[in-house]
Ligand code: DGL
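In this note's numbering, the protein residues as written are 1 to 273.
See below:
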């Protein structure tokens, strides 16, 4: 019975669907329950205390859905609240920062690594600390790119405005001779084409979602909870608000049409501690 339980995944909004896409491709037989806090996105501009409060409520919601592990598909929450979540809940909790950092170190030959993310992720130096913890020689260059989140949500993946903003954000990093760039926000893989064009084809982009999907596989094997099913897993999606463009944008992030979206009551969520 335990093995048949779903994997819980949450994000501040729809960015985490890029992580669901990777988990579903790595572990197609596992079921997934996703929660996107679309009523309170973005988290990346909020204080650490608020992010921790929201993260506890989001994880609590998934625990009540009887999940066997929780994937924090939000770099902002992973940067700020991962340890609090690990102390509070007994299921394995997998964040984005450690898997993303390890993949970046694996790919980087020059050990000059750029990191882009929300203001909160960058100002907490989550990737910088994790990268340096694993390799003290590494040089890390960080840049907050807050406007990438609304641009991704608008679906402006090939838009001239996105290119201009990317050029402005990435111009310093372009001159720093990095060989690897961590996309430290789950929204950014949607903009990977433009980011790659602007930063240069010689720079390897790291999608933390790809890295974390492999860690999820290892973690559920380690605890002996991999599903026995050979059928495709089910996917249930919960959100705290359904904006008018939700379906279109969510499908862009997930890479397929989205079924089973249910809106939950924000007031009920706020009561969870
Ligand atoms: N998806 C979030 C992250 O990975 C960014 C969006 C937000 O600011 O809430 O950090």
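Positions of the beta carbon are idealized from the N, C-alpha and C atoms, including for glycine. Only a predicted model underlies this, so the values are computations on that prediction, with no experimental measurement involved.
By alpha-carbon positions, which one of the options ends up nearest to residue i?
i           : options            : result
residue 300 : 137, 238, 160, 196 : The structure shown does not extend to residue 300, since the chain is modelled only from 1 to 273, so the question has no answer here.
residue 299 : 180, 215, 193, 219 : In the structure as shown, the chain begins at 1 and stops at 273. Residue 299 is therefore absent and cannot be evaluated.
residue 240 : 41, 81, 250        : 41
residue 100 : 19, 61, 193, 245   : 19
residue 267 : 198, 11, 58        : 58
residue 25  : 149, 104, 145, 212 : 212
residue 50  : 62, 120, 31        : 120
residue 78  : 16, 108, 39, 143   : 16
residue 142 : 128, 150, 149      : 128
residue 215 : 76, 95, 61         : 95
residue 199 : 178, 189, 217, 218 : 178
residue 107 : 251, 247, 182      : 182
residue 56  : 163, 253, 10, 218  : 10
residue 13  : 64, 253, 265       : 253
residue 159 : 146, 140, 190      : 190
With burial defined as no fewer than 16 other Cβ atoms inside 10 Å of the residue's Cβ, what is the status of residue i: buried or exposed?
i           : result
residue 228 : exposed
residue 234 : exposed
residue 46  : buried
residue 256 : exposed
residue 209 : buried
residue 161 : exposed
residue 22  : buried
residue 205 : buried
residue 224 : exposed
residue 1   : exposed
residue 5   : buried
residue 269 : buried
Residue i and residue j look like a contact to me (Cβ under 8 Å); what is the Cβ gap, rounded to whole Å?
i           : j           : result
residue 112 : residue 173 : Actually they are not in contact, since the Cβ atoms of residue 112 and residue 173 sit about 10 Å apart, beyond 8 Å.
residue 274 : residue 152 : Residue 274 lies beyond the range of the chain shown here (1 to 273); nothing can be said about it.
residue 290 : residue 98  : With the chain covering only 1 through 273, there is no way to say anything about residue 290.
residue 67  : residue 93  : Not confirmed; about 10 Å, so no contact.
residue 231 : residue 29  : 7 Å
residue 70  : residue 8   : 5 Å
residue 75  : residue 185 : 5 Å
residue 84  : residue 118 : Residue 84 to residue 118, Cβ: 18 Å. No contact.
residue 272 : residue 60  : 4 Å
Is any non-hydrogen atom of ligand 2 found closer than 7 Å to the C-beta of residue i, if you look at the structure I gave you?
i           : result
residue 149 : For ligand 2, the structure offers nothing, since it holds only ligand 1.
Give a yes or no on contact between the segment 155-174 and the segment 74-94, applying the rule of three or more CB pairs nearer than 8 Å. no
Is the segment 128-148 close to the segment 21-38, with three or more CB pairs under 8 Å? Fewer than three pairs of CB atoms, one per stretch, sit closer than 8 Å, so the segment 128-148 makes no contact with the segment 21-38.
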